[in-house]
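Colleague: One structure is given below, represented as structure tokens, and several questions about it will come after.
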Amino acid sequence: MTETYRNYIDGEWCDSASGRTVDNVNPADTRDIVSRHAASDARDAAAAVAAAAAAFDGWKKTPIGKRAKILNDAAAHLEANADTIAAELTREEGKALNLAR
């Protein structure tokens, strides 16, 4: 089953304003739909920018140690899943596995 990814705006998962999706197709096998994504447009971008601007003061007031931990945890998650991420990049972009790493 093909997974559909929605937008994450203002703390919530949401469909695109248009309600449309776009298929992400494996270039090496065009029968393979890797995933579907919200077909975002300017309305979605404006909503995301407004949400980010509204969240900025809260993030700015978060103690530096807590912000650093959040970012370090995100980096650790990416590193721990590098092989899986590289394999998916290869599938969705046709990129050589060694370059995806």
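The opening position of the sequence shown corresponds to residue 3 in this note's numbering, with each subsequent residue numbered one higher. Using N, Cα and C, we set each Cβ at its ideal position, and we do this for glycine too. Just so you know, these numbers come straight off a predicted model, no measurement behind them.
1. Taking 8 Å as the limit between beta carbons, can you name the residues of its chain near Asp43, skipping five residues before and five after?
2. Taking the DSSP output, what are the residues bridged to Thr23?
3. Below 8 Å CB to CB, which residues in the same chain sit around Ala89 once its five sequence neighbours on both sides are set aside?
4. Provide the residue(s) that pair with Thr86 in DSSP beta bridges, ordered along the chain.
5. Note down the Cα distance separating Ile35 from Asp12, rounded to an integer number of angstroms.
6. What distance in whole Å lies between the Cβ atoms of Arg69 and Ala41, which are believed to be in contact at a cut-off of 8 Å?
7. Quick one: Cα of Asn28 to Cα of Glu95, how far?
Modeller: According to the structure data:
1. Start at 1 with the first residue of the sequence shown, and residue 43 comes out as number 41. Beyond the five residues adjoining it in sequence on each side, Asp43 comes within less than 8 Å, by CB distance, of Ser18, Ala19 and Ser20 in the same chain, given in chain order.
2. Counted from its first residue, the sequence shown places residue 23 at position 21. Answer is Ala40, bridged to Thr23.
3. Here residue 89 corresponds to residue number 87 of the sequence shown, with the count starting at 1. For Ala89, same chain residues with a beta-carbon under 8 Å away, outside a window of 5 residues either side, are Leu99 and Ala102 in chain order.
4. Locating residue 86 in the sequence shown gives position 84, counting from the first residue. Thr86 pairs with nothing; no bridge assigned.
5. As a first step, residue 35 is located in the sequence shown; it is residue number 33 there, counting from the start. As a first step, residue 12 is located in the sequence shown; it is residue number 10 there, counting from the start. Straight-line spacing of the CA atoms in Ile35 and Asp12 works out to 28 Å.
6. Stepping through the sequence shown from its first residue, residue 41 is reached at position 39. Stepping through the sequence shown from its first residue, residue 69 is reached at position 67. Rounded, the Cβ-Cβ distance is 33 Å, inconsistent with contact.
7. Within the sequence shown, the letter at position 26 stands for residue 28. Within the sequence shown, the letter at position 93 stands for residue 95. Distance between the alpha carbons of Asn28 and Glu95 is about 7 Å.
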